[in-house]
Amino acid sequence: MAETTAVHDTIRTTRVLRAAPEAVFGAWADPDTHRHWQPAPEGMRYEYDRHDFTEGGVEHCALMQGDQVFARFVNRYIAIETNRRIIFSVRAELPDGSVASVSQHTIEVTPEGEGSRLVCTEQVAWTGGVSRRSGHEAGWATLLDRLVAWLDGPDAAPADRDG
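Using my numbering, read the sequence shown as starting at 1063 and increasing by one per residue.
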């Protein structure tokens, strides 16, 4: 088995929403709401096994394509400040159980005007020796565009964004 070096990177994505910080935080905290706006890649779906949105709590989910597991994720909530910040780790595993990546995510919500500023930072290590940055950036963009549409309604434009 050939050794590969882990590739590290930091990805930061920002959105300004019309929704209040309480609504933005709630969209992450409530498992039913979160499942409605969290996008899966075309032809795939997420299946949740467990959701414990408390400090130290764990969430398990699988990304499914038909009846096949494409990837499994174990999320552990490290720090939660209601209506302000969520910090959690994510372990992404391939179907054979090998680790694809490990990351820490910081979701920060601050009031901005009558709405909110949402800053999402992912600090990731990909274990396969290859950067998957472009895929993660595209994933964040889609995820946050869906969140904006969910919270701000059909008139929301995803144009209020910074990197």
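Even for Gly, the Cβ is constructed at its ideal location relative to N, Cα and C.
C-alpha distance - residue i paired with residue j, whole-angstrom precision
i	j	result
residue 1121	residue 1200	23 Å
residue 1113	residue 1167	17 Å
residue 1155	residue 1173	35 Å
residue 1109	residue 1066	31 Å
residue 1082	residue 1142	18 Å
residue 1176	residue 1096	23 Å
residue 1091	residue 1148	9 Å
residue 1150	residue 1077	19 Å
residue 1115	residue 1088	11 Å
residue 1215	residue 1169	21 Å
residue 1198	residue 1117	25 Å
residue 1132	residue 1069	21 Å
residue 1107	residue 1125	6 Å
residue 1157	residue 1135	11 Å
Own chain, CB closer than 7 Å to residue i, minus 5 neighbours either side, in chain order
i	result
residue 1086	1079, 1171, 1178, 1180 and 1213
residue 1119	1139
residue 1094	none
residue 1144	1087
Residues of its chain near residue i, where Cβ-Cβ distance is below 8 Å and the 5 sequence neighbours each way are ignored
i	result
residue 1202	1073, 1075, 1182 and 1184
residue 1221	With a pLDDT of 38 at residue 1221, under the threshold of 50, the modelled position of this residue cannot be trusted, and the question is left open.
Residue i burial status per 10 Å Cβ neighbour count (16 or more: buried)
i	result
residue 1098	exposed
residue 1103	exposed
residue 1146	exposed
residue 1192	exposed
residue 1196	exposed
Nearest-angstrom Cβ-Cβ length linking residue i and residue j, presumed shorter than 8 Å
i	j	result
residue 1127	residue 1105	6 Å
residue 1137	residue 1152	5 Å
residue 1205	residue 1100	7 Å
residue 1071	residue 1186	6 Å
Cβ neighbours of residue i in the same chain (closer than 6 Å, five flanking residues each side left out)
i	result
residue 1111	1122
residue 1208	1099 and 1101
- Task: Kindly provide the ranges of any beta strand (DSSP E) runs that are 3 or more residues long and lie completely inside the segment 1083-1168, ordered along the chain.
- Result: 1107-1113, 1120-1127, 1130-1143 and 1147-1155
- Which whole runs of the alpha helix (DSSP H) in the segment 1191-1220 are 4 residues long or more, in chain order? 1195-1214
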